[in-house]
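So this is what it looks like as structure tokens:
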């Protein structure tokens, strides 16, 4: 009788394990006054590839930063994303495509990040052609190239 209960429990536990929903990964992006490469006012990493269901966690490692999605540079239908100054922000990405973020006070200094979600090729032409400050555009182009896109 005891072996039967143990076997039943083991099968129930195994079934529950396989029935549990899969959770996405958490990807941390720090908001910094100075990056590892010496550049000022950066997201680190500034470019990441993510999968549907992953959570992107923006962490203000240094004070004076926020994170805001750039209008027109997120997948269609994704609402605006706006964090508060000096506060963490977690965003679960549930739509494939490119998401471009900026730090509002340091956008002119090139503080931008891009998150590319999904396994399918993403049309990055709108991101590359977007109007933004020169340094932000240059850093964004470099990050996209570093991702191999």
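Numbering (my numbering), first residue to last: 1 to 149.
Cβ coordinates follow ideal geometry from the N, Cα and C atoms, glycine included.
Beta-carbon contacts of residue i that lie in its chain and below 6 Å, excluding the five residues immediately before and after
| i | result |
| --- | --- |
| residue 26 | 55 and 57 |
| residue 19 | Because residue 19 sits at a pLDDT of 37, beneath the cut-off of 50, its placement in the model cannot be relied upon, and the following sentence gives the value as read from the coordinates. Excluding positions up to five away in sequence, the list is empty. |
| residue 92 | 55 |
Proximal residues to residue i (C-beta, below 8 Å), its chain only, five neighbours per side dropped
| i | result |
| --- | --- |
| residue 63 | 86 |
Proximity of residue i and residue j at Cβ, strictly below 9 Å
| i | j | result |
| --- | --- | --- |
| residue 51 | residue 108 | no |
| residue 71 | residue 98 | no |
| residue 23 | residue 67 | no |
Closest Cα partner of residue i within the set the options
| i | options | result |
| --- | --- | --- |
| residue 61 | 106, 84 and 30 | 30 |
| residue 141 | 32, 111 and 121 | 111 |
| residue 122 | 70, 132 and 76 | 76 |
| residue 131 | 73, 92, 146 and 81 | 73 |
| residue 145 | 89, 128 and 135 | 128 |
| residue 104 | 69, 78, 124 and 134 | 69 |
| residue 149 | 138, 133 and 124 | 124 |
7 Å Cβ shell around residue i - same chain, five flanking residues per side excluded
| i | result |
| --- | --- |
| residue 150 | Outside the shown range of the chain (1 to 149) lies residue 150, about which nothing can therefore be said. |
| residue 94 | 52 and 53 |
| residue 32 | 42, 44, 61 and 62 |
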